[in-house]
Amino acid sequence: MTEISVYRLLFDTSALLLGSLREWQRYGQMGQCCLPQVVFEEVKFLCDRAPDPALEPRAREFFRFYPTSGWQMSQVKQAHPALAQADGRSLSKRARQAIAVLECANGLAQNHPEQLVVLISSSQPLLQQLVRLKKVNLCGLSETSLKNWGRTQQVPLPLVQGLARLQTDANDHPAVSQQPVMKAPPRSQPVAPRSQSLRSSRASSETSSETSSGASSRARASRARTSGAQVVSLGLALIAIAAAGLFLLKVTQPQRFEQIWQQLNLES
Numbered sequence: 079m080t081e082i083s084v085y086r087l088l089f090d091t092s093a094l095l096l097g098s099l100r101e102w103q104r105y106g107q108m109g110q111c112c113l114p115q116v117v118f119e120e121v122k123f124l125c126d127r128a129p130d131p132a133l134e135p136r137a138r139e140f141f142r143f144y145p146t147s148g149w150q151m152s153q154v155k156q157a158h159p160a161l162a163q164a165d166g167r168s169l170s171k172r173a174r175q176a177i178a179v180l181e182c183a184n185g186l187a188q189n190h191p192e193q194l195v196v197l198i199s200s201s202q203p204l205l206q207q208l209v210r211l212k213k214v215n216l217c218g219l220s221e222t223s224l225k226n227w228g229r230t231q232q233v234p235l236p237l238v239q240g241l242a243r244l245q246t247d248a249n250d251h252p253a254v255s256q257q258p259v260m261k262a263p264p265r266s267q268p269v270a271p272r273s274q275s276l277r278s279s280r281a282s283s284e285t286s287s288e289t290s291s292g293a294s295s296r297a298r299a300s301r302a303r304t305s306g307a308q309v310v311s312l313g314l315a316l317i318a319i320a321a322a323g324l325f326l327l328k329v330t331q332p333q334r335f336e337q338i339w340q341q342l343n344l345e346s
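Here this note's numbering is used: the first residue of the sequence shown is 79, the next is one more, and so on.
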């Protein structure tokens with residue numbers, strides 16, 4: 079994707095391998111898709127040593143798709159008190175992977191506050207643990223709901239609620255705008271002696287008066303020329319209108335024209 083999507087879709091291993099090539103392509107159009115490093119390494123491991131024979135071809139298909147897909151592998155991890163384990167307690171491989179996925183989701187939500195980070199998983203316990211992180215821009219979605227979203231183009235309710243939280247948080251904590259750049263004050267000019275200032279002031283006043291008188295005279299002359307030109311133009315226009323009227327009368331009513339013409343000759 080060339081533009082940053084409002085959704086950052088984070089997949090765990092189970093949700094990823096339940097998809098198909100067409101669905102992976104569709105998911106890339108719905109949001110910015112990424113894998114935690116632990117999921118990336120697990121899928122790579124399954125390419126050759128999958129315990130379930132059905133997973134091996136699916137893992138290989140994904141790695142053929144991945145290089146040109148625009149998907150990303152994320153190494154981001156951020157611990158959270160809700161994910162802390164008691165000292166000395168041993169965890170299974172699946173439990174360690176689940177914690178790594180949750181820490182990745184927590185880190186991405188922290189690093190990308192403008193995006194809604196959506197953890198996609200088919201594990202309900204994992205999605206329930208995600209809620210305990212209490213991140214405004216973090217939510218979970220089942221793999222089934224993701225497929226329905228892709229087919230119907232209807233945004234699932236958890237995402238709608240997540241976007242509403244983001245908007246509320248943005249309204250409560252508006253971004254601090256940059257301070258305007260202040261212009262440097264102009265340098266002060268040296269003060270002239272009082273006598274010199276008075277002479278300069280009188281000279282400026284006289285010059286201004288002469289300039290004003292000259293400008294007024296030129297303005298009056300210009301107005302007079304303009305008025306004369308307007309009178310001449312008006313007279314010519316009236317003569318042209320009268321001539322046009324007489325010509326029209328001669329063409330349309332010759333007898334009436336002769337009467338008027340004779341009257342004009344008699345008067346003259």
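We treat Cβ as the ideally placed atom computed from N, Cα and C, and that holds for glycine.
query: Applying the criterion that 16 or more other CB atoms from any shown protein chain within 10 Å of the CB defines a buried residue, is T91 buried or exposed?; result: buried
query: If E181 sits next to S200, beta carbons under 8 Å apart, how far is it from one beta carbon to the other, in whole angstroms?; result: In fact, because the Cβ distance is near 19 Å, the residues do not count as touching under 8 Å.
query: Please classify L213 as buried or exposed, where buried requires at least 16 neighbouring CB atoms within 10 angstroms.; result: Correcting the residue type first, residue 213 is Lys in the shown sequence and not Leu. The residue in question, K213, is buried, as its Cβ has 16 or more Cβ neighbours within 10 Å.
query: Can you tell me whether DSSP reads S223 as helix, strand or coil?; result: helix
query: Return the residue from the list T146, L237 and C125 that minimises the CA-CA distance to V35.; result: The question about residue 35 has no answer here: the residues shown for the chain are numbered 79 through 346.
query: Using a C-beta cutoff of 8 Å, does Q239 count as contacting chain D?; result: No chain D is present in this structure, which holds just one protein chain.
query: Is DSSP giving P114 helix, strand or coil here?; result: strand
query: Spatial neighbours of S172 within its chain, please: CB distance less than 6 Å, with the 5 preceding and 5 following residues excluded, ordered by chain position.; result: Residue identity differs from the one stated: residue 172 is Arg in this sequence, not Ser. Excluding sequence neighbours, R172 sits near nothing in its chain.
query: Under 7 Å from any heavy atom of the ligand ATP, does the C-beta of Q150 make it?; result: Questions concerning the ligand ATP fall outside what the structure shown contains, since it holds no ligand whatsoever.
query: On the DSSP letters alone, give me the boundaries of the alpha helix (DSSP H) that R172 sits inside.; result: K171 to N189
query: Can you list, in chain order, the residues of its chain with a C-beta nearer than 6 Å to that of V179? Leave out the 5 residues immediately preceding and following it.; result: D90 and P114
query: What number of angstroms, rounded off, separates the C-alpha of C125 from the C-alpha of Q150?; result: 19 Å
query: Beta-carbon separation of R136 and C112 under 8 Å?; result: no
query: Three or more C-beta pairs under 8 Å: does that hold for the stretch 98-109 against the stretch 215-229?; result: yes
query: Using a 10 Å radius around the Cβ and a threshold of 16 neighbouring Cβ atoms, would you call E336 buried or exposed?; result: exposed
query: Checking 8 Å against the spacing of the C-beta atoms, do A176 and V195 come in under that value?; result: no
query: For the alpha helix (DSSP H) containing L241, name the first residue and the last one.; result: L235 to D250
query: What is the rounded straight-line gap between the Cα of L116 and the Cα of Q239?; result: For clarity, residue 116 is Val in the given sequence; the question names Leu instead. C-alpha separation (whole angstroms): 28 Å.
query: So, is Q207 buried or exposed, given that buried needs 16 or more other C-beta atoms within 10 angstroms?; result: buried
query: According to DSSP, is Q207 helix, strand or coil?; result: helix
query: F140 and L94 look like a contact to me (Cβ under 8 Å); what is the Cβ gap, rounded to whole Å?; result: 7 Å
query: Given that a residue counts as buried once 16 or more other Cβ atoms are within 10 Å of its Cβ, and exposed if not, what is L235?; result: exposed
query: Suppose you measure from the CA of V121 to the CA of S152; what does that come to, to the nearest Å?; result: 14 Å
query: To the nearest angstrom, report how far apart A128 and R210 are at their CA atoms.; result: 32 Å
query: Among G109, L96, G97 and L88, which has the Cα closest to the Cα of Q231?; result: G109
query: Should Q347 be labelled buried (16 or more other beta-carbon atoms within 10 Å of its own) or exposed?; result: Past the edges of the chain, shown from 79 to 346, lies residue 347, and the structure says nothing about it.
query: Look at the alpha carbon of P264 and the alpha carbon of H251, and state the distance between them as a whole number of angstroms.; result: Its pLDDT being 40, under 50, P264 is placed unreliably in this model, and the value from its coordinates should be taken loosely. If you take the alpha carbons of P264 and H251, they lie about 38 Å apart.
query: Nearest CA to the CA of L216: which residue from P191, P203, V233 and R229?; result: P191
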